[in-house]
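Okay, so the sequence shown: first residue is 256 according to this note's numbering, each after it adds one.
Using N, Cα and C, we set each Cβ at its ideal position, and we do this for glycine too.
Worksheet: one structure, shown below.
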Amino acid sequence: MTGSQAEPTAATVASPTTTTIDGAADNDHPLLLHSETSRAISDKLQRVTGVLQDMADVVNAETAAALEGIPVPGEGVGGREDIANAPMSPGIPPVAFGAGGPMLKQFDESTVVSRRGSAAGTPPMSVKGIGNKVAKPDYSESKIVVAMVGLPARGKSYLSNKLMIYLKWLEYNVQVFNVGQLRRTRAKQKAQQSGVKEEHNASWFSHANQQANNSRDQLAHDSLEMLIQWLKDGGNVGIHDATNSTLSRRASIEARVAKEPDFHLIFLESFCDDPAVIAANVALKVSSGDPDYKDMPPEEAKRDFLRRITEYEKVYETITEPHLSYVRISRIAFYLMNLHLKPRSIFMSRHGESQFNVAGKIGGDSLLSPRGMQYAAALPALITDNIGDAQLTVWTSTLRRTIQTAEQLPYPKLTWKSLDELDAGVCDGMTYEEIEQAYPDDFANRDDDKFNYRYRGGESYRDVVAILRGLYAYFHNLPQEELPYLKIPLHTVIKLTPKAYGCDEERYTLPIEAVDTHRPKPKATSPVVIPSTARQYFVPSS
256 MTGSQAEPTA
266 ATVASPTTTT
276 IDGAADNDHP
286 LLLHSETSRA
296 ISDKLQRVTG
306 VLQDMADVVN
316 AETAAALEGI
326 PVPGEGVGGR
336 EDIANAPMSP
346 GIPPVAFGAG
356 GPMLKQFDES
366 TVVSRRGSAA
376 GTPPMSVKGI
386 GNKVAKPDYS
396 ESKIVVAMVG
406 LPARGKSYLS
416 NKLMIYLKWL
426 EYNVQVFNVG
436 QLRRTRAKQK
446 AQQSGVKEEH
456 NASWFSHANQ
466 QANNSRDQLA
476 HDSLEMLIQW
486 LKDGGNVGIH
496 DATNSTLSRR
506 ASIEARVAKE
516 PDFHLIFLES
526 FCDDPAVIAA
536 NVALKVSSGD
546 PDYKDMPPEE
556 AKRDFLRRIT
566 EYEKVYETIT
576 EPHLSYVRIS
586 RIAFYLMNLH
596 LKPRSIFMSR
606 HGESQFNVAG
616 KIGGDSLLSP
626 RGMQYAAALP
636 ALITDNIGDA
646 QLTVWTSTLR
656 RTIQTAEQLP
666 YPKLTWKSLD
676 ELDAGVCDGM
686 TYEEIEQAYP
696 DDFANRDDDK
706 FNYRYRGGES
716 YRDVVAILRG
726 LYAYFHNLPQ
736 EELPYLKIPL
746 HTVIKLTPKA
756 YGCDEERYTL
766 PIEAVDTHRP
776 KPKATSPVVI
786 PSTARQYFVP
796 SS
(Lines of atoms letter the chains of each structure in order from A and count residues from 1; the text may use other names and numbers.)
(Lines give C-alpha, C1' and ligand atoms only; values in the text may rest on other atoms or scores of the structure.)
Protein backbone atom coordinates (compact mmCIF):
# COMPACT_ATOMS: atom_id res chain seq x y z
CA MET A 1 0.00 0.00 0.00
CA THR A 2 1.35 3.41 -0.85
CA GLY A 3 0.05 6.93 -0.41
CA SER A 4 1.30 9.91 -2.35
CA GLN A 5 0.48 13.56 -1.88
CA ALA A 6 -0.33 15.21 -5.19
CA GLU A 7 2.65 16.84 -6.87
CA PRO A 8 1.81 19.44 -9.51
CA THR A 9 4.22 19.20 -12.39
CA ALA A 10 4.38 20.57 -15.88
CA ALA A 11 6.93 20.24 -18.63
CA THR A 12 7.48 20.47 -22.32
CA VAL A 13 10.14 18.01 -23.32
CA ALA A 14 11.67 17.51 -26.72
CA SER A 15 11.44 14.06 -28.24
CA PRO A 16 14.90 12.72 -29.02
CA THR A 17 13.76 11.41 -32.38
CA THR A 18 12.32 14.69 -33.65
CA THR A 19 13.66 17.49 -31.52
CA THR A 20 11.01 19.96 -30.39
CA ILE A 21 11.93 23.38 -29.12
CA ASP A 22 9.13 25.24 -27.38
CA GLY A 23 6.59 23.12 -29.17
CA ALA A 24 7.96 23.61 -32.69
CA ALA A 25 9.20 20.55 -34.52
CA ASP A 26 12.69 20.84 -35.92
CA ASN A 27 13.60 17.88 -38.09
CA ASP A 28 17.08 19.26 -38.71
CA HIS A 29 18.24 17.97 -35.35
CA PRO A 30 17.30 14.28 -35.09
CA LEU A 31 18.80 12.02 -32.49
CA LEU A 32 20.84 9.54 -34.51
CA LEU A 33 22.17 6.48 -32.73
CA HIS A 34 23.35 3.63 -34.87
CA SER A 35 23.48 0.50 -32.70
CA GLU A 36 20.44 -1.31 -31.37
CA THR A 37 21.76 -1.35 -27.81
CA SER A 38 22.43 2.38 -27.77
CA ARG A 39 19.06 3.01 -29.42
CA ALA A 40 17.45 1.08 -26.57
CA ILE A 41 19.07 3.43 -24.06
CA SER A 42 17.93 6.46 -26.03
CA ASP A 43 14.40 5.03 -25.90
CA LYS A 44 14.66 4.83 -22.11
CA LEU A 45 15.92 8.43 -22.07
CA GLN A 46 12.91 9.38 -24.16
CA ARG A 47 10.65 7.76 -21.57
CA VAL A 48 12.10 9.88 -18.79
CA THR A 49 11.60 13.10 -20.71
CA GLY A 50 8.48 11.98 -22.54
CA VAL A 51 6.60 11.16 -19.36
CA LEU A 52 6.89 14.77 -18.25
CA GLN A 53 5.59 16.05 -21.57
CA ASP A 54 2.75 13.58 -21.98
CA MET A 55 1.54 13.68 -18.40
CA ALA A 56 1.71 17.44 -17.83
CA ASP A 57 -1.85 18.44 -18.74
CA VAL A 58 -3.53 15.56 -16.96
CA VAL A 59 -1.40 15.92 -13.84
CA ASN A 60 -2.17 19.63 -13.66
CA ALA A 61 -5.91 19.01 -14.07
CA GLU A 62 -5.94 16.27 -11.46
CA THR A 63 -3.84 18.32 -9.06
CA ALA A 64 -5.94 21.45 -9.40
CA ALA A 65 -9.11 19.47 -8.81
CA ALA A 66 -7.61 17.63 -5.87
CA LEU A 67 -6.55 20.87 -4.22
CA GLU A 68 -10.13 22.14 -4.37
CA GLY A 69 -11.71 18.79 -3.56
CA ILE A 70 -13.48 18.65 -6.92
CA PRO A 71 -13.65 15.41 -8.90
CA VAL A 72 -11.67 15.52 -12.12
CA PRO A 73 -13.93 15.49 -15.20
CA GLY A 74 -12.77 13.56 -18.19
CA GLU A 75 -12.58 10.20 -19.84
CA GLY A 76 -12.01 7.93 -16.85
CA VAL A 77 -9.04 7.97 -14.54
CA GLY A 78 -6.42 8.49 -17.21
CA GLY A 79 -8.31 11.26 -18.95
CA ARG A 80 -6.57 11.35 -22.32
CA GLU A 81 -5.94 8.65 -24.88
CA ASP A 82 -2.39 9.67 -25.65
CA ILE A 83 -1.56 9.53 -21.94
CA ALA A 84 -2.83 6.00 -21.69
CA ASN A 85 -0.53 5.08 -24.55
CA ALA A 86 2.50 6.94 -23.18
CA PRO A 87 5.62 4.74 -22.98
CA MET A 88 6.23 3.57 -19.44
CA SER A 89 8.44 0.92 -17.93
CA PRO A 90 6.29 -2.03 -16.87
CA GLY A 91 8.33 -2.31 -13.70
CA ILE A 92 8.20 1.32 -12.55
CA PRO A 93 4.93 2.79 -11.30
CA PRO A 94 4.03 6.27 -12.53
CA VAL A 95 4.31 7.68 -9.00
CA ALA A 96 8.06 7.74 -9.56
CA PHE A 97 7.54 10.49 -12.12
CA GLY A 98 4.66 12.36 -10.48
CA ALA A 99 2.30 10.82 -13.00
CA GLY A 100 -1.40 10.22 -12.59
CA GLY A 101 -3.80 7.38 -13.04
CA PRO A 102 -3.80 5.94 -16.57
CA MET A 103 -2.26 2.72 -15.31
CA LEU A 104 -4.81 2.42 -12.51
CA LYS A 105 -8.49 1.66 -12.13
CA GLN A 106 -11.06 2.28 -9.44
CA PHE A 107 -11.42 -0.75 -7.22
CA ASP A 108 -14.21 -3.09 -8.28
CA GLU A 109 -14.63 -6.34 -6.35
CA SER A 110 -15.60 -8.13 -9.54
CA THR A 111 -12.11 -7.50 -10.94
CA VAL A 112 -10.21 -9.02 -8.02
CA VAL A 113 -8.64 -12.36 -8.83
CA SER A 114 -8.39 -14.36 -5.62
CA ARG A 115 -5.07 -16.05 -4.93
CA ARG A 116 -5.78 -18.87 -2.51
CA GLY A 117 -2.97 -20.63 -0.74
CA SER A 118 -2.03 -24.13 -1.77
CA ALA A 119 -3.73 -26.46 0.66
CA ALA A 120 -2.56 -29.75 -0.82
CA GLY A 121 -1.37 -32.11 1.87
CA THR A 122 1.36 -33.52 -0.38
CA PRO A 123 3.20 -30.89 -2.47
CA PRO A 124 4.18 -31.81 -6.03
CA MET A 125 7.45 -33.68 -6.43
CA SER A 126 10.57 -31.61 -6.91
CA VAL A 127 11.69 -31.61 -10.52
CA LYS A 128 15.24 -30.36 -10.96
CA GLY A 129 15.55 -27.37 -13.24
CA ILE A 130 11.95 -26.14 -13.15
CA GLY A 131 12.75 -23.31 -10.79
CA ASN A 132 15.04 -21.15 -12.89
CA LYS A 133 17.05 -17.99 -12.67
CA VAL A 134 16.11 -15.12 -14.93
CA ALA A 135 18.75 -14.29 -17.52
CA LYS A 136 20.21 -10.84 -16.93
CA PRO A 137 20.13 -8.58 -20.00
CA ASP A 138 23.46 -8.05 -21.73
CA TYR A 139 24.09 -4.35 -22.29
CA SER A 140 27.87 -4.67 -22.49
CA GLU A 141 28.02 -3.11 -25.97
CA SER A 142 26.07 0.01 -24.96
CA LYS A 143 28.36 3.01 -24.54
CA ILE A 144 26.51 6.31 -24.19
CA VAL A 145 27.81 9.69 -23.04
CA VAL A 146 25.05 12.06 -21.88
CA ALA A 147 26.44 15.59 -21.55
CA MET A 148 24.27 18.01 -19.60
CA VAL A 149 23.97 21.62 -20.79
CA GLY A 150 22.57 24.59 -18.91
CA LEU A 151 23.16 27.51 -16.60
CA PRO A 152 23.37 27.02 -12.82
CA ALA A 153 20.05 26.57 -10.95
CA ARG A 154 18.33 24.94 -13.92
CA GLY A 155 17.94 21.47 -12.44
CA LYS A 156 20.79 19.76 -14.31
CA SER A 157 21.98 17.74 -11.34
CA TYR A 158 18.43 16.73 -10.45
CA LEU A 159 17.80 15.53 -13.99
CA SER A 160 21.17 13.74 -14.03
CA ASN A 161 20.42 11.84 -10.86
CA LYS A 162 16.85 10.97 -11.85
CA LEU A 163 18.06 9.69 -15.21
CA MET A 164 20.77 7.65 -13.49
CA ILE A 165 18.32 6.06 -11.04
CA TYR A 166 15.81 5.25 -13.76
CA LEU A 167 18.32 3.66 -16.13
CA LYS A 168 19.91 1.73 -13.27
CA TRP A 169 16.48 0.37 -12.47
CA LEU A 170 16.31 -0.88 -16.05
CA GLU A 171 19.63 -2.65 -15.32
CA TYR A 172 22.01 -0.42 -17.24
CA ASN A 173 25.29 0.39 -15.53
CA VAL A 174 25.07 4.17 -15.08
CA GLN A 175 27.13 6.77 -13.25
CA VAL A 176 27.02 10.55 -12.92
CA PHE A 177 30.31 12.47 -13.17
CA ASN A 178 29.66 15.83 -11.52
CA VAL A 179 32.32 18.44 -12.25
CA GLY A 180 31.36 20.50 -9.20
CA GLN A 181 31.94 17.55 -6.89
CA LEU A 182 35.31 16.89 -8.52
CA ARG A 183 36.23 20.56 -8.02
CA ARG A 184 35.35 20.43 -4.32
CA THR A 185 37.16 17.12 -3.80
CA ARG A 186 40.37 18.44 -5.34
CA ALA A 187 40.14 21.71 -3.43
CA LYS A 188 39.81 19.75 -0.18
CA GLN A 189 42.80 17.58 -1.08
CA LYS A 190 44.86 20.67 -1.92
CA ALA A 191 43.95 22.29 1.39
CA GLN A 192 44.96 19.16 3.29
CA GLN A 193 48.29 18.91 1.46
CA SER A 194 49.31 22.56 1.36
CA GLY A 195 47.15 24.19 3.99
CA VAL A 196 45.92 26.68 1.38
CA LYS A 197 42.15 26.93 0.97
CA GLU A 198 41.07 27.80 -2.56
CA GLU A 199 38.13 30.21 -2.71
CA HIS A 200 35.47 29.30 -5.25
CA ASN A 201 33.37 32.43 -5.08
CA ALA A 202 31.72 34.15 -8.05
CA SER A 203 34.97 35.71 -9.28
CA TRP A 204 36.46 32.22 -9.70
CA PHE A 205 33.74 31.50 -12.26
CA SER A 206 34.41 34.65 -14.28
CA HIS A 207 35.61 33.87 -17.80
CA ALA A 208 37.83 36.94 -17.52
CA ASN A 209 39.77 35.11 -14.80
CA GLN A 210 42.12 33.19 -17.09
CA GLN A 211 43.75 31.10 -14.38
CA ALA A 212 40.40 29.97 -12.98
CA ASN A 213 39.11 29.50 -16.51
CA ASN A 214 41.98 27.11 -17.24
CA SER A 215 41.27 25.26 -13.99
CA ARG A 216 37.58 24.85 -14.88
CA ASP A 217 38.45 23.57 -18.34
CA GLN A 218 40.88 21.08 -16.83
CA LEU A 219 38.26 19.86 -14.35
CA ALA A 220 35.71 19.36 -17.13
CA HIS A 221 38.32 17.54 -19.21
CA ASP A 222 39.39 15.30 -16.33
CA SER A 223 35.80 14.50 -15.45
CA LEU A 224 35.13 13.48 -19.06
CA GLU A 225 38.26 11.32 -19.11
CA MET A 226 37.13 9.58 -15.94
CA LEU A 227 33.74 9.00 -17.54
CA ILE A 228 35.25 7.54 -20.71
CA GLN A 229 37.57 5.25 -18.78
CA TRP A 230 34.62 4.07 -16.69
CA LEU A 231 32.69 3.22 -19.87
CA LYS A 232 35.70 1.30 -21.17
CA ASP A 233 35.79 -0.64 -17.91
CA GLY A 234 32.24 -1.89 -18.41
CA GLY A 235 29.85 1.01 -17.85
CA ASN A 236 26.89 1.64 -20.16
CA VAL A 237 25.82 5.26 -19.64
CA GLY A 238 28.05 8.02 -18.27
CA ILE A 239 26.41 11.36 -17.45
CA HIS A 240 28.66 14.42 -17.62
CA ASP A 241 27.01 16.81 -15.16
CA ALA A 242 28.42 20.25 -15.95
CA THR A 243 27.28 23.51 -17.55
CA ASN A 244 28.93 22.72 -20.91
CA SER A 245 27.53 26.09 -21.86
CA THR A 246 29.71 27.19 -24.79
CA LEU A 247 30.13 26.03 -28.36
CA SER A 248 33.83 25.46 -27.79
CA ARG A 249 33.27 23.28 -24.70
CA ARG A 250 30.71 21.14 -26.52
CA ALA A 251 33.00 20.88 -29.55
CA SER A 252 35.81 19.59 -27.35
CA ILE A 253 33.48 16.99 -25.81
CA GLU A 254 32.32 15.92 -29.25
CA ALA A 255 35.88 15.62 -30.56
CA ARG A 256 37.00 13.56 -27.57
CA VAL A 257 34.07 11.13 -27.65
CA ALA A 258 34.48 10.71 -31.43
CA LYS A 259 37.89 9.14 -30.81
CA GLU A 260 36.24 6.19 -29.08
CA PRO A 261 34.78 3.56 -31.43
CA ASP A 262 31.11 2.72 -30.81
CA PHE A 263 30.66 5.51 -28.28
CA HIS A 264 27.58 7.68 -28.75
CA LEU A 265 27.05 11.22 -27.49
CA ILE A 266 23.80 12.94 -26.50
CA PHE A 267 23.55 16.50 -25.17
CA LEU A 268 20.70 17.16 -22.73
CA GLU A 269 19.99 20.88 -22.27
CA SER A 270 17.88 22.18 -19.40
CA PHE A 271 16.56 25.64 -20.21
CA CYS A 272 14.66 28.06 -17.97
CA ASP A 273 14.41 31.86 -18.15
CA ASP A 274 11.70 32.53 -15.56
CA PRO A 275 13.25 34.90 -12.95
CA ALA A 276 10.90 33.75 -10.20
CA VAL A 277 11.81 30.11 -10.65
CA ILE A 278 15.52 30.84 -10.85
CA ALA A 279 15.35 32.95 -7.67
CA ALA A 280 13.46 30.17 -5.90
CA ASN A 281 16.01 27.56 -6.97
CA VAL A 282 18.86 29.79 -5.82
CA ALA A 283 17.17 30.24 -2.44
CA LEU A 284 16.82 26.49 -2.07
CA LYS A 285 20.43 25.86 -3.08
CA VAL A 286 21.90 28.23 -0.50
CA SER A 287 19.53 27.13 2.28
CA SER A 288 19.89 23.37 1.83
CA GLY A 289 23.50 23.00 2.86
CA ASP A 290 25.17 23.30 -0.54
CA PRO A 291 28.88 22.53 0.02
CA ASP A 292 30.00 25.74 -1.70
CA TYR A 293 28.04 27.87 0.79
CA LYS A 294 27.88 25.88 4.00
CA ASP A 295 30.19 28.34 5.84
CA MET A 296 28.65 31.50 4.37
CA PRO A 297 25.71 33.55 5.72
CA PRO A 298 22.57 32.90 3.62
CA GLU A 299 22.22 36.40 2.19
CA GLU A 300 25.88 36.59 1.24
CA ALA A 301 25.67 33.12 -0.30
CA LYS A 302 22.62 34.13 -2.33
CA ARG A 303 24.34 37.24 -3.69
CA ASP A 304 27.45 35.29 -4.59
CA PHE A 305 25.53 32.55 -6.38
CA LEU A 306 23.52 35.08 -8.37
CA ARG A 307 26.81 36.69 -9.43
CA ARG A 308 28.06 33.25 -10.47
CA ILE A 309 24.99 32.81 -12.67
CA THR A 310 25.61 36.24 -14.19
CA GLU A 311 29.17 35.24 -15.08
CA TYR A 312 27.89 32.15 -16.89
CA GLU A 313 25.16 34.13 -18.65
CA LYS A 314 27.80 36.37 -20.24
CA VAL A 315 29.16 33.48 -22.31
CA TYR A 316 26.22 31.07 -22.42
CA GLU A 317 25.39 29.69 -25.87
CA THR A 318 22.31 27.50 -26.19
CA ILE A 319 22.57 24.43 -28.40
CA THR A 320 22.18 25.38 -32.06
CA GLU A 321 24.74 23.05 -33.63
CA PRO A 322 22.76 21.22 -36.35
CA HIS A 323 25.02 18.17 -36.41
CA LEU A 324 24.72 17.32 -32.70
CA SER A 325 22.35 14.78 -31.21
CA TYR A 326 20.54 16.54 -28.41
CA VAL A 327 17.42 16.88 -26.34
CA ARG A 328 16.40 20.31 -25.16
CA ILE A 329 14.11 20.53 -22.15
CA SER A 330 12.36 23.89 -22.05
CA ARG A 331 9.34 25.63 -20.56
CA ILE A 332 9.77 23.68 -17.34
CA ALA A 333 9.38 26.65 -14.99
CA PHE A 334 6.31 25.30 -13.23
CA TYR A 335 7.82 21.83 -13.05
CA LEU A 336 11.08 23.06 -11.52
CA MET A 337 9.32 25.36 -9.07
CA ASN A 338 7.22 22.56 -7.63
CA LEU A 339 10.06 20.11 -7.90
CA HIS A 340 12.28 22.18 -5.63
CA LEU A 341 10.02 24.22 -3.41
CA LYS A 342 7.22 21.82 -2.61
CA PRO A 343 8.66 18.40 -1.85
CA ARG A 344 5.99 15.72 -1.68
CA SER A 345 6.08 12.75 0.62
CA ILE A 346 5.18 9.17 -0.19
CA PHE A 347 3.93 6.99 2.64
CA MET A 348 4.53 3.25 2.34
CA SER A 349 3.18 0.48 4.49
CA ARG A 350 2.80 -3.24 4.26
CA HIS A 351 -0.60 -4.69 5.00
CA GLY A 352 -1.45 -5.40 8.61
CA GLU A 353 -0.43 -8.76 9.98
CA SER A 354 -2.32 -11.47 8.07
CA GLN A 355 -3.52 -14.93 9.03
CA PHE A 356 -0.88 -16.42 6.72
CA ASN A 357 1.81 -14.30 8.43
CA VAL A 358 0.86 -15.83 11.77
CA ALA A 359 0.95 -19.34 10.27
CA GLY A 360 4.34 -18.69 8.65
CA LYS A 361 2.97 -19.20 5.13
CA ILE A 362 3.93 -17.18 2.06
CA GLY A 363 1.67 -15.76 -0.64
CA GLY A 364 -2.03 -16.54 -0.64
CA ASP A 365 -4.90 -14.10 -0.22
CA SER A 366 -5.69 -14.41 3.46
CA LEU A 367 -7.50 -11.89 5.63
CA LEU A 368 -5.97 -9.86 8.45
CA SER A 369 -5.30 -11.32 11.86
CA PRO A 370 -6.83 -9.62 14.93
CA ARG A 371 -3.58 -7.65 15.40
CA GLY A 372 -3.65 -6.72 11.72
CA MET A 373 -7.16 -5.33 12.20
CA GLN A 374 -5.84 -3.23 15.11
CA TYR A 375 -3.19 -1.79 12.79
CA ALA A 376 -5.81 -0.96 10.15
CA ALA A 377 -7.87 0.85 12.81
CA ALA A 378 -4.87 2.85 14.08
CA LEU A 379 -3.50 3.79 10.65
CA PRO A 380 -5.87 6.72 9.85
CA ALA A 381 -4.85 8.70 12.95
CA LEU A 382 -1.14 8.28 12.19
CA ILE A 383 -1.51 9.50 8.61
CA THR A 384 -3.79 12.40 9.57
CA ASP A 385 -1.32 13.51 12.23
CA ASN A 386 1.35 13.70 9.51
CA ILE A 387 -0.49 15.41 6.66
CA GLY A 388 -3.35 17.27 8.33
CA ASP A 389 -5.94 18.32 5.76
CA ALA A 390 -3.71 17.72 2.75
CA GLN A 391 -5.06 15.67 -0.13
CA LEU A 392 -3.80 12.12 -0.45
CA THR A 393 -4.57 9.15 -2.69
CA VAL A 394 -4.10 5.61 -1.43
CA TRP A 395 -2.78 2.94 -3.78
CA THR A 396 -3.24 -0.70 -2.80
CA SER A 397 -2.72 -4.11 -4.32
CA THR A 398 -5.75 -6.20 -5.26
CA LEU A 399 -5.23 -8.62 -2.37
CA ARG A 400 -7.76 -8.73 0.44
CA ARG A 401 -5.32 -8.15 3.31
CA THR A 402 -4.13 -4.89 1.72
CA ILE A 403 -7.63 -3.65 0.93
CA GLN A 404 -8.67 -4.45 4.51
CA THR A 405 -5.70 -2.48 5.85
CA ALA A 406 -6.64 0.61 3.83
CA GLU A 407 -10.43 0.51 4.10
CA GLN A 408 -10.63 2.86 7.12
CA LEU A 409 -8.38 5.52 5.56
CA PRO A 410 -10.61 8.50 4.62
CA TYR A 411 -9.03 9.08 1.20
CA PRO A 412 -9.69 8.08 -2.41
CA LYS A 413 -8.37 4.60 -3.10
CA LEU A 414 -7.00 3.02 -6.26
CA THR A 415 -6.04 -0.62 -6.71
CA TRP A 416 -3.20 -1.74 -8.89
CA LYS A 417 -2.41 -5.37 -9.59
CA SER A 418 1.25 -4.52 -10.15
CA LEU A 419 1.45 -3.91 -6.39
CA ASP A 420 0.44 -7.51 -5.64
CA GLU A 421 2.94 -9.60 -3.73
CA LEU A 422 5.40 -11.69 -5.71
CA ASP A 423 3.67 -14.84 -6.99
CA ALA A 424 5.19 -17.90 -5.30
CA GLY A 425 3.73 -20.30 -7.89
CA VAL A 426 3.37 -23.87 -6.62
CA CYS A 427 4.86 -22.74 -3.29
CA ASP A 428 1.97 -20.34 -2.66
CA GLY A 429 0.51 -21.02 0.78
CA MET A 430 3.46 -23.10 2.00
CA THR A 431 5.82 -22.37 4.87
CA TYR A 432 9.55 -22.02 4.22
CA GLU A 433 10.07 -25.32 6.05
CA GLU A 434 7.60 -27.04 3.72
CA ILE A 435 9.31 -25.54 0.67
CA GLU A 436 12.72 -26.73 1.87
CA GLN A 437 11.37 -30.24 2.39
CA ALA A 438 9.41 -30.47 -0.89
CA TYR A 439 11.81 -28.58 -3.15
CA PRO A 440 15.30 -28.71 -1.61
CA ASP A 441 17.10 -27.73 -4.83
CA ASP A 442 14.81 -24.77 -5.40
CA PHE A 443 15.11 -23.68 -1.78
CA ALA A 444 18.91 -23.71 -2.02
CA ASN A 445 18.92 -21.91 -5.38
CA ARG A 446 16.69 -19.16 -4.04
CA ASP A 447 18.91 -18.66 -1.00
CA ASP A 448 21.90 -18.49 -3.35
CA ASP A 449 20.41 -15.76 -5.58
CA LYS A 450 17.10 -14.48 -4.25
CA PHE A 451 16.80 -11.63 -6.73
CA ASN A 452 17.08 -13.76 -9.87
CA TYR A 453 15.45 -16.99 -8.67
CA ARG A 454 11.99 -17.57 -10.14
CA TYR A 455 9.51 -19.76 -8.30
CA ARG A 456 8.29 -22.66 -10.42
CA GLY A 457 5.01 -21.45 -11.89
CA GLY A 458 5.60 -18.08 -10.26
CA GLU A 459 7.80 -14.99 -10.34
CA SER A 460 11.20 -13.69 -9.31
CA TYR A 461 12.12 -10.35 -7.79
CA ARG A 462 13.50 -9.41 -11.21
CA ASP A 463 10.09 -10.12 -12.75
CA VAL A 464 8.18 -8.04 -10.22
CA VAL A 465 9.85 -4.87 -8.98
CA ALA A 466 6.72 -2.77 -8.34
CA ILE A 467 6.32 -4.01 -4.77
CA LEU A 468 7.19 -2.27 -1.55
CA ARG A 469 10.84 -3.36 -1.40
CA GLY A 470 11.24 -2.41 -5.05
CA LEU A 471 9.76 1.04 -4.56
CA TYR A 472 11.88 1.59 -1.47
CA ALA A 473 15.06 0.52 -3.26
CA TYR A 474 14.18 2.70 -6.25
CA PHE A 475 13.82 5.91 -4.27
CA HIS A 476 16.98 5.21 -2.26
CA ASN A 477 18.93 4.13 -5.37
CA LEU A 478 19.95 0.85 -3.77
CA PRO A 479 21.56 -1.99 -5.74
CA GLN A 480 19.10 -4.58 -6.98
CA GLU A 481 20.96 -7.45 -5.34
CA GLU A 482 20.22 -5.86 -1.95
CA LEU A 483 16.50 -5.52 -2.69
CA PRO A 484 15.29 -8.96 -1.50
CA TYR A 485 16.92 -8.53 1.91
CA LEU A 486 15.66 -5.07 2.84
CA LYS A 487 13.80 -5.19 6.12
CA ILE A 488 10.32 -3.74 5.75
CA PRO A 489 8.57 -4.71 9.01
CA LEU A 490 4.86 -5.08 9.59
CA HIS A 491 2.90 -2.32 11.34
CA THR A 492 5.36 0.35 10.26
CA VAL A 493 4.74 3.38 8.04
CA ILE A 494 7.71 4.59 6.00
CA LYS A 495 7.63 8.21 4.86
CA LEU A 496 9.88 8.97 1.88
CA THR A 497 10.51 12.52 0.67
CA PRO A 498 12.47 12.55 -2.62
CA LYS A 499 15.01 15.36 -2.90
CA ALA A 500 17.34 16.48 -5.68
CA TYR A 501 20.29 14.47 -4.36
CA GLY A 502 18.61 11.67 -2.48
CA CYS A 503 15.62 10.74 -0.38
CA ASP A 504 14.81 11.59 3.23
CA GLU A 505 13.18 8.87 5.29
CA GLU A 506 11.14 8.73 8.49
CA ARG A 507 9.71 5.56 10.04
CA TYR A 508 6.72 5.33 12.34
CA THR A 509 6.24 2.04 14.16
CA LEU A 510 2.85 1.59 15.80
CA PRO A 511 2.84 -0.16 19.21
CA ILE A 512 0.98 -3.21 17.88
CA GLU A 513 2.85 -6.50 17.96
CA ALA A 514 3.32 -8.52 14.78
CA VAL A 515 5.31 -11.53 13.67
CA ASP A 516 8.72 -10.92 12.11
CA THR A 517 8.51 -12.06 8.48
CA HIS A 518 12.01 -10.95 7.51
CA ARG A 519 14.42 -13.60 6.22
CA PRO A 520 18.03 -12.37 6.27
CA LYS A 521 20.49 -13.27 3.57
CA PRO A 522 22.00 -16.70 4.28
CA LYS A 523 25.54 -16.59 5.65
CA ALA A 524 25.40 -12.81 5.59
CA THR A 525 28.46 -11.01 6.91
CA SER A 526 26.79 -7.60 7.11
CA PRO A 527 23.60 -6.37 8.80
CA VAL A 528 20.33 -5.63 7.05
CA VAL A 529 20.78 -2.81 4.55
CA ILE A 530 19.60 0.62 5.63
CA PRO A 531 20.69 3.46 3.31
CA SER A 532 23.29 5.66 4.94
CA THR A 533 22.28 8.66 2.83
CA ALA A 534 18.80 8.84 4.35
CA ARG A 535 17.97 10.71 7.53
CA GLN A 536 16.31 8.09 9.72
CA TYR A 537 13.77 8.82 12.43
CA PHE A 538 12.28 5.94 14.38
CA VAL A 539 9.25 6.29 16.62
CA PRO A 540 9.53 3.97 19.63
CA SER A 541 7.17 1.01 19.64
CA SER A 542 6.19 1.52 23.23
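I'd like to know whether the C-beta atoms of residue i and residue j end up nearer to each other than 9 Å.
i	j	result
Ile399	Phe522	no
Leu422	Val429	yes
Ala506	Ala402	no
Ala408	Ile564	yes
Lys668	Thr651	yes
Cys682	Gly618	yes
Lys754	Phe602	no
Lys540	Phe526	no
Met481	Asn732	no
Arg504	Asp472	yes
Ser580	Val492	no
Lys569	Val537	no
Arg701	Tyr740	no
Leu502	Glu576	yes
Lys656	Asp696	Per the sequence presented here, residue 656 reads as Arg, with Lys not at that position. Cβ distance not < 9 Å, so Arg656 and Asp696 don't count as in contact.
Glu524	Ile574	yes
Taking the alpha-carbon positions, what's the residue i to residue j distance?
i	j	result
His606	Glu662	11 Å
Pro665	Pro635	7 Å
Gly405	Ser458	19 Å
Arg562	Ser412	20 Å
Glu760	Val748	10 Å
Glu509	Leu520	7 Å
Pro553	His455	16 Å
Ile483	Val512	8 Å
Ala693	Leu674	28 Å
Glu426	Gly489	13 Å
Gly643	Ile533	30 Å
Pro734	Tyr727	11 Å
Pro530	Gly410	14 Å
Val196	Tyr687	Since the displayed the chain opens at 256 and closes at 797, residue 196 lies outside it and no answer follows.
Asn612	Asp703	24 Å
Gln447	Thr772	48 Å
Gln465	Ser500	17 Å
Thr752	Asn641	13 Å
Val451	Lys742	45 Å
Our contact map puts residue i next to residue j with C-beta atoms below 8 Å; I'd like the distance itself, whole angstroms only.
i	j	result
Ala632	Leu623	Contact flag wrong, Cβ pair sits at about 10 Å.
Glu453	Ala442	5 Å
Ile494	Ser604	Ile494 to Ser604, Cβ: 34 Å. No contact.
Glu566	Phe460	5 Å
Leu765	Leu647	Going by Cβ atoms, the distance from Leu765 to Leu647 rounds to 18 Å, so no, they are not a contact pair.
Trp872	Tyr729	Any answer about residue 872 is impossible in this case: the structure gives the chain only from 256 up to 797.
For residue i, which residues of its own chain have a beta-carbon under 6 Å away from its beta-carbon, when the five flanking residues on both sides are left out?
i	result
Ser478	Phe432, Val434 and Leu437
Lys672	Thr653
Tyr548	Val541 and Ala556
Phe698	Ile690 and Glu691
Lys776	Tyr740
Ser449	none
Gln444	none
Going along the chain, which residues of its own chain have a beta-carbon closer than 8 Å to the beta-carbon of residue i, five neighbours each way excluded?
i	result
Gln659	His606, Gly607, Leu622, Leu623, Gly627, Met628 and Ala631
Output needed for residue i: all residues of its chain with C-beta closer than 7 Å, excluding positions within five of it in sequence on either side, in chain order.
i	result
Ile767	Arg626, Gln629, Tyr630, Ala633 and His746
Leu474	Val434, Leu437 and Arg438
Entirely enclosed beta strand (DSSP E) segments - the segment 654–686, minimum 3 residues | 668–670
Whole beta strand (DSSP E) runs in the segment 382–464 with 3 or more residues, listed along the chain?
-> Segments of the beta strand (DSSP E) lying fully in the segment 382–464: 399–404 and 429–433.
In chain order, which alpha helix (DSSP H) runs of at least 4 residues are fully inside the segment 513–569?
-> 530–542
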